[in-house]
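For the record, in the sequence shown the residue sitting at position 278 is 278 according to the working numbering, with numbers rising by one throughout.
For each residue, glycine too, the CB sits at the ideal point set by N, CA and C.
These notes concern the structure reproduced below.
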Amino acid sequence: MKKILYIGVWVLLLQVNAFAAEESVFNEGNVYNTRLRKISLLLQGTMPANSDLENLAMIHDINEKENFIETKINEYLMSENYVAKMTNRLEELYRVRLTDPEGRAFEAFEDEYLQSTNSSLNILFSDLFSKNQPWDNLLTLTNYSLPLSYNVANEEMNAYQFLVYNHQFRDQARSEIENFLDSLTYEDEDGTASIPLISNNAMGVKNLAGSITTERFFSRYPTTKLNANRKRAAAIFRIFLCDSMEAVVLPSESDDKMLFDLSLNANQEPSHQDSVMTSMAKKHGEDPQCQSCHHKLDPMAKTFLGSSVVPNKEPSPGELVFYEQKKDGSKEKISIPVSGLNDLGHKITNQQQYLTCQVTHFWNWFVGENVPLSIEKKYELAEVFDGLERKPNDFIKFLLQSEDFIHPVNLQLDDLRYANLKTLFTRCDSCHTNEILAPVLSQGYPFSKDASVNINILNKIISSTDLHEQKSVDYMPPQNAGWTMSSFERNLLKAWITTGAKDNDGIEIEQELNTSGITYDENFITSSNFKFHDTSLRYLNNYDLLKVFKEIYNSGTCSELSNVNELITLGFKDPRDGKSLIESPNFLLLDWIKNCVEKSISINTGYSSFLPYPFEPKVAQNTEMKLDDILWGELDETEKQTIIQWNTDLLLGYKVLSAESYDSYVYRLLMALETSKDSSLKEAIKKIHVTILTSSEFLIY
């Protein structure tokens, strides 16, 4: 019976989703209700209340609708869900998001998870949004907070010693530190206690710099003799200056062997280890490929000198070296001396490159990573961000009320930019990172400042991916790569190349490419990929999906996907780089949703929220009758339609679909359930929920 039900559900799913592919919920739908749904999911990871959607649908004056949405934005920005959602985004940006490599259930490593997330770094993150503090605190804060629940007596020394390290207890005994912490006045409202500064000139305070001198940041980016704090510097470049700092491998086999031997022979004499490291460091410092990054990395890494597991109390001078992108697209080398970590944080926040980088993060989160963002637009947004005192909530509200968000880009063939190819190029880079002088295709475009080099790289892409369709056996990606370009991706690459290989600012390449004979389907954007109708659309991720399901069923019966391998298997993460997928979820993910729905409904004995009231004549008149005793086939057409409508409104939201789309959606569900005449009402409701919750109308926002 279970197997038959399983097959029946997937037949139903395929029937409805086949119809759903023909019609987009965003084409003719209630744009304001859809907009509120999208805002709520982006800000909170949850659906808006149905009562809010109903009230919004009843408002006819446009200005009143706008005021209503603004009111809800303000409300969402004050919610705990919003703070949790944004903290989650920052954890991903900093790459400190905890997962369990051993595949244990969440409960098995819950303490480990809470210990990592209930930290000063995460309190700093949450304070940014709960208190709308300036974004620069990420690099300039010197007064950290301890969680209220922190048990000093039972915790390892370094975690709380770290927080008082730069105050007055540098060399004091453990008992004195504990007494100091016990004497602090805890702030019950937010569950934290601030470590007070002794004075602005206290020893070591000059070497504190917000998030980059917290224990969790130091633990995530450890240092070694060979690494010499470069990991920490690379993370700062990536997060705050949008310089990816991709690691490269030295092109010499002898160099690789030296490193390999060193890693295997931990018992070697220290003098021999030092000799090998000195040799490697010298090679690293002289290699042109290495120097392309290290002339920026090394001066910043010097500011961490003496900072192993905690920041050195004595500031170490270094230099901030980076390339600032100008409005005209050119790049200017900037070199600024810094006296220590705190000075480094302040100097970074004073740079235009920092501002344009941070607004890019917000753009990717709220407008869409695949929506091209020109350098002119970056400068414009940076000016707004600065004018709002760099307060995140105010800037997010600005974005959500901007034309870029309200009227998202409908991509046309002539608008194809490098940004639209970046996901594909990232997949290419997963294999090419070890090639000598191979360009990192996803790091930026143009790939080279030298026009002739850039042309050569593009022509190499054309030939190696066989865009001329010569059917060569030697083409990329190779058969052992584990992936192939889809028809859509090949058409996308061909279209970008033949329309001028435009960068993100729409500037075409100056020299001619060898594009003769390259042909593609000119309708591939509209016919093959729904996402390109609106590049700001995205799929619900694991973090949001669990919250939405809990909201619907008022229970946490769905297992959390905490294991990276599980996320990859279900399609949330790309196995090559761990990034979120933008293609449609695979059947394993849909199967997970199906099991989650069945389990959630099975433990809900009342079903009151899934049935319209009053529902006559079957249930309302006989409250003792179990839903297992009622057959779907016994209901008349009006009753069936009423149940489907009720659950569609419950799961999708009131009037999110246009009247025409709504009627069509309900009718398709009604027809698909014709095969369920002998199923109980309970099983029919399960099928309705599985079908709706695995459809693009639900999963895409």
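Beta-carbon separation (whole angstroms), residue i vs residue j, contact threshold 8 Å
| i | j | result |
| --- | --- | --- |
| Pro311 | Thr213 | 4 Å |
| Ser119 | Asn229 | Ser119 to Asn229, Cβ: 21 Å. No contact. |
Distance between residue j and residue i (C-alpha atoms, nearest Å)
| i | j | result |
| --- | --- | --- |
| Phe447 | Arg490 | 20 Å |
| Asn81 | Thr87 | 10 Å |
| Leu14 | Tyr667 | For Leu14, the pLDDT reaches just 45, beneath the cut-off of 50, and the residue's location in the model is therefore unreliable, although a value from the coordinates is still provided. Going by the C-alpha atoms only, they are around 15 Å apart. |
| Asp127 | Lys347 | 23 Å |
| Ser602 | Leu681 | 12 Å |
| Met157 | Ser79 | Residue placement at Met157 is flagged as unreliable, the pLDDT there being 35, under the threshold of 50; the coordinate-derived value follows with that caveat. Cα-Cα distance, rounded: 34 Å. |
| Arg232 | Gly517 | 48 Å |
| Tyr160 | Leu93 | Note that Tyr160 scores a pLDDT of 49, beneath 50, so its modelled location is shaky; the value from the coordinates is reported in the next line. Cα to Cα, the separation comes out at about 25 Å. |
| Phe698 | Leu650 | 11 Å |
| Asn350 | Phe129 | 22 Å |
| Arg417 | Gln470 | 26 Å |
| Glu369 | Thr638 | 44 Å |
| Asp52 | Asn364 | 27 Å |
| Gly387 | Leu42 | 24 Å |
| Ile552 | Lys327 | 47 Å |
| Phe237 | Leu513 | 33 Å |
| Ile685 | Asn50 | 19 Å |
| Leu590 | Lys640 | 25 Å |
| Lys377 | Tyr445 | 17 Å |
| Leu400 | His407 | 11 Å |
| Thr675 | Lys687 | 11 Å |
| Asn541 | Arg89 | 12 Å |
| Ser244 | Ile630 | 60 Å |
| Lys422 | Leu441 | 8 Å |
| Phe488 | Glu522 | 11 Å |
| Ser254 | His295 | Confidence in Ser254 is poor, its pLDDT being 47 and thus under 50, which makes the residue's placement too unreliable to answer from. |
| Ser696 | Pro478 | 32 Å |
C-beta contact flag for residue i and residue j at 8 Å
| i | j | result |
| --- | --- | --- |
| Glu324 | Pro299 | no |
| Trp646 | Ser679 | no |
| Gly340 | Asn207 | yes |
| Leu355 | Phe385 | yes |
| Asn122 | Asn393 | no |
| Val321 | Ser330 | no |
| Thr34 | Val656 | yes |
| Thr519 | Ile593 | no |
| Asn143 | Gly210 | no |
| Glu510 | Ala451 | yes |
| Asn454 | Pro372 | no |
| Ile525 | Leu424 | no |
| Tyr379 | Arg538 | no |
| Ser658 | Asn30 | yes |
| Pro317 | Pro337 | yes |
| Arg220 | Arg95 | yes |
| Tyr543 | Ala57 | no |
| Thr465 | Tyr475 | yes |
| Met47 | Val548 | yes |
| Ile692 | Thr648 | yes |
| Val309 | Phe395 | no |
Residue i, DSSP secondary structure in three states
| i | result |
| --- | --- |
| Pro408 | coil |
| Ser714 | What is shown of the chain runs 1 to 701, which leaves residue 714 out entirely. |
| Lys326 | coil |
| Pro392 | helix |
| Glu332 | strand |
| Ile630 | coil |
| Pro612 | coil |
| Ser51 | helix |
| Ser314 | It is worth fixing the name first, because residue 314 is Glu in this sequence and not Ser. Glu314: coil per DSSP, three-state reduction. |
| Tyr701 | coil |
| Ser211 | helix |
| Glu598 | helix |
| Ser680 | strand |
| Ser145 | strand |
| Ser695 | coil |
| Leu320 | strand |
Contact test: residue i Cβ vs the ligand GDP heavy atom, cutoff 7 Å
| i | result |
| --- | --- |
| Phe322 | The ligand GDP is absent from the structure shown, which contains no ligand whatsoever. |
- Specify whether the segment 215 to 229 and the segment 347 to 366 touch according to this definition: at least 3 beta carbon pairs, one from each stretch, less than 8 Å apart. Contact fails: fewer than three Cβ-Cβ distances are below 8 Å.
- Message: Count Cβ pairs between the segment 451 to 469 and the segment 490 to 501 that sit closer than 8 Å; are there 3 or more?
- Response: Put simply, the segment 451 to 469 touches the segment 490 to 501. At least three CB pairs are less than 8 Å apart.
- With contact counted as at least three CB pairs below 8 Å, one residue from each stretch, are the segment 668 to 678 and the segment 60 to 73 in contact? Result no; under three Cβ-Cβ pairs closer than 8 Å.
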